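In my numbering, the protein residues as written are 180 to 662.
Below: the structure, in structure tokens.
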Ligand SMILES: [Zn+2]
């Protein structure tokens, strides 16, 4: 699941029948009764059937079966007339499956890739108020683990690819679909997109990719903005460690490993990494300003202007908000602590884990050097705990951002399209690092203040589901060109 700087999800409701009418779209987004099974078009009923099948297939990363889900989606594509050679399922391990399918275009342009993950995080029945792995429509929502993360995207892509084929659509470029396993684990040996890049790069090679990420944010049921994740911070942890010869606690000496470490941590807690702006965060502050109160808006605008004198006070005010602070700079924070070995002994060891989220483009070595300088104690070692996966930001290409703005204006008139940098890591980073610029953008509308991905009672609004499928249909078609 993508960890967005602007987590969001609640859905608004509008009659699905409105979708048929462009004129009605322009009328606005007032709440109407939820779409009911009997009022669905055949296409909507089909998309819903695909969604239900995915949600009811238990695909928890470690214990579920993504191969079964991949096979089921492959069967649907083949049944719709896709050639066997254009629908492949790879099973790099038991119960692990990746599907790669291709809708052939004229070849006038390089292919585009649609990526979604099939696996989900665990959900226990005791925590939930409904069955997590049985699809349920209740009070205008669809409930189930994975409904928002990320089976909406997977279902929309499959249903729309089939629709394109049935309509005889011939795009300017091939549209490649990849449904992967193992997105929900942080593991260098994950068998999803990393495995596909390593083993079948030719099959997924594309000019750019659309992945999960930004969606439409609702406040009080009204759409206020949509976001496009184009960049993410780099995850890097370090261990701070002090060793000491120790002794009896009845005769303490001044040199105590725990005190040394504690003092270093206090110094770190007061330190701020320097403010840095990149193309994405500049656009983020510039456009998100429209959603904030006058003071915040002015601060965001002055930060976006990039003028150091103008920005200094604004940066310090914005830094008080953890979400904005994470957009302004690299952060490093203590997350774990251990030390000592007996109640009556001086500690021979004290250790802390520091987790950093590094601005893309900032050298990782520099961060370690900064930590050493801030810790300012040569008795304390600073050691990396993982090898950083660097992530190249995807450029804000006008062709892609422009298409997103065009289709957004039709579905949710007047809301800003805001580029976003995730404070956490997604599988977009693997594609970006492989040279495929990736845009995290779903078209799924949800309440900004009711984020349920990875949590209990995950759900999407019925209305948002159908709007989102239709939105993706239009957006992908615009990006793929032809007709
Ligand atoms: Zn996800």
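Ideal Cβ placement from N, Cα and C applies to all residues, glycine included.
None of the values given here were measured: they were computed from a predicted structure.
Checklist entry - Do the CB positions of residue 359 and residue 296 come within less than 8 Å of each other? => result On the chain shown, position 180 is the one that residue 359 refers to. On the chain shown, position 117 is the one that residue 296 refers to. The answer is yes: Cβ separation under 8 Å.
Next on the checklist: Tell me the residue span of the alpha helix (DSSP H) that contains residue 446.
Outcome noted: Taking the first residue of the chain shown as 1, we reach residue 446 at position 267. Where residue 446 is concerned, the enclosing alpha helix (DSSP H) stretches over 436-448.
Checklist entry - For the putative contact between residue 357 and residue 294, defined by C-beta atoms under 8 Å, what is the C-beta separation to the nearest angstrom? => result Position 178 of the chain shown, counted from the start, is the residue given in the question as residue 357. Position 115 of the chain shown, counted from the start, is the residue given in the question as residue 294. Yes, they are in contact, since the Cβ atoms of residue 357 and residue 294 sit about 5 Å apart, within 8 Å.
Checklist entry - So what does DSSP say about residue 430, is it helix, strand or coil? => result For the purposes of this step, residue 430 is taken as residue 251 along the chain shown, with counting starting at 1. Here residue 430 carries a coil assignment [DSSP, helix/strand/coil].
Checklist entry - When the distance is taken between beta carbons, is residue 230 closer than 8 Å to residue 330? => result Taking the chain shown and counting its residues from 1, one reaches residue 330 at position 151. Taking the chain shown and counting its residues from 1, one reaches residue 230 at position 51. Against a cut-off of 8 Å, the Cβ pair of residue 230 and residue 330 comes out as a contact.
Checklist entry - Just how far apart, CA to CA, sit residue 449 and residue 362? => result Counted from its first residue, the chain shown places residue 449 at position 270. Counted from its first residue, the chain shown places residue 362 at position 183. For residue 449 and residue 362, the gap between their C-alpha atoms comes out near 35 Å.
Next on the checklist: Less than 8 Å between the C-beta atoms of residue 564 and residue 418, yes or no?
Outcome noted: Taking the chain shown and counting its residues from 1, one reaches residue 564 at position 385. Taking the chain shown and counting its residues from 1, one reaches residue 418 at position 239. In contact: residue 564 and residue 418 (Cβ atoms closer than 8 Å).
Item to check | residue 413 - containing beta strand (DSSP E), residue span | outcome: Reading the chain shown from its first residue, position 234 is the one you call residue 413. Run containing residue 413: 413-422, per the beta strand (DSSP E) assignment.
Item to check | Stretch-stretch touch, CB-based, cutoff 8 Å, three pairs: the stretch 365-373 with the stretch 490-503 | outcome: At 8 Å Cβ cutoff, the stretches do not touch.
Item to check | Straight-line gap, residue 552 to residue 244 (C-alpha atoms, nearest Å) | outcome: In the chain shown, the residue the question calls residue 552 occupies position 373. In the chain shown, the residue the question calls residue 244 occupies position 65. Residue 552 and residue 244 have their C-alpha atoms some 48 Å from each other.
Checklist entry - So residue 687 is in the beta strand (DSSP E); what residue range does that whole segment cover? => result Shown here, the chain extends from 180 to 662; a query on residue 687 therefore has no answer.
Checklist entry - Which residue's Cα is closest to the Cα of residue 529: 442, 480 and 332? => result In the chain shown, residue 529 corresponds to position 350, counting from 1. The candidate whose alpha carbon is nearest that of residue 529 is 442.
Checklist entry - Curious, which full-length alpha helix (DSSP H) runs of at least 4 residues does the stretch 302-385 contain? => result Correct list: 330-345 and 372-383.
Checklist entry - By DSSP, does residue 556 sit in helix, in strand, or in coil? => result As a first step, residue 556 must be located in the chain shown, where it is residue number 377. If DSSP states are grouped into helix, strand and coil, residue 556 belongs with coil.
Checklist entry - Around the Cβ of residue 585, are there at least 16 other Cβ atoms within 10 angstroms (buried) or fewer (exposed)? => result Residue 585 sits at position 406 when you count from the first residue of the chain shown. Exposed, since its Cβ has fewer than 16 Cβ neighbours within 10 Å.
Checklist entry - Residue range of the alpha helix (DSSP H) that residue 267 falls in? => result Translated into positions along the chain shown, residue 267 becomes position 88. Premise fails: residue 267 lies in the beta strand (DSSP E), 266-272, not in any alpha helix (DSSP H).
Checklist entry - To which residues does DSSP link residue 405 through a beta bridge? => result The sequence position of residue 405 within the chain shown is 226, counting from 1. The partner list for residue 405 (beta bridge, DSSP) reads 395 and 596.
Checklist entry - With 16 other CB atoms within 10 Å as the buried threshold, where does residue 601 fall? => result The count along the chain shown starts at 1 and reaches residue 601 at position 422. So residue 601 counts as buried.
Item to check | Pairwise C-alpha distance: residue 513 and residue 682 | outcome: Absent from the model: residue 682. The displayed extent of the chain is 180 to 662, so no value can be given.
Item to check | Integer Cβ distance of residue 290 from residue 351, believed to fall under 8 Å | outcome: For the purposes of this step, residue 290 is identified with residue 111 of the chain shown, where counting begins at 1. For the purposes of this step, residue 351 is identified with residue 172 of the chain shown, where counting begins at 1. Between residue 351 and residue 290 the Cβ distance is about 10 Å, and since that is not below 8 Å, they are no contact.
Checklist entry - Which value, in whole angstroms, describes the spacing of the CA atoms of residue 657 and residue 444? => result Numbered from 1 along the chain shown, position 478 holds the residue referred to as residue 657. Numbered from 1 along the chain shown, position 265 holds the residue referred to as residue 444. Between the alpha carbons of residue 657 and residue 444 lies a gap of roughly 52 Å.
Item to check | Neighbourhood of residue 202 by C-beta distance below 6 Å, restricted to the same chain and skipping five residues each side | outcome: In the chain shown, residue 202 corresponds to position 23, counting from 1. Note that residue 202 scores a pLDDT of 36, beneath 50, so its modelled location is shaky; the value from the coordinates is reported in the next line. None.
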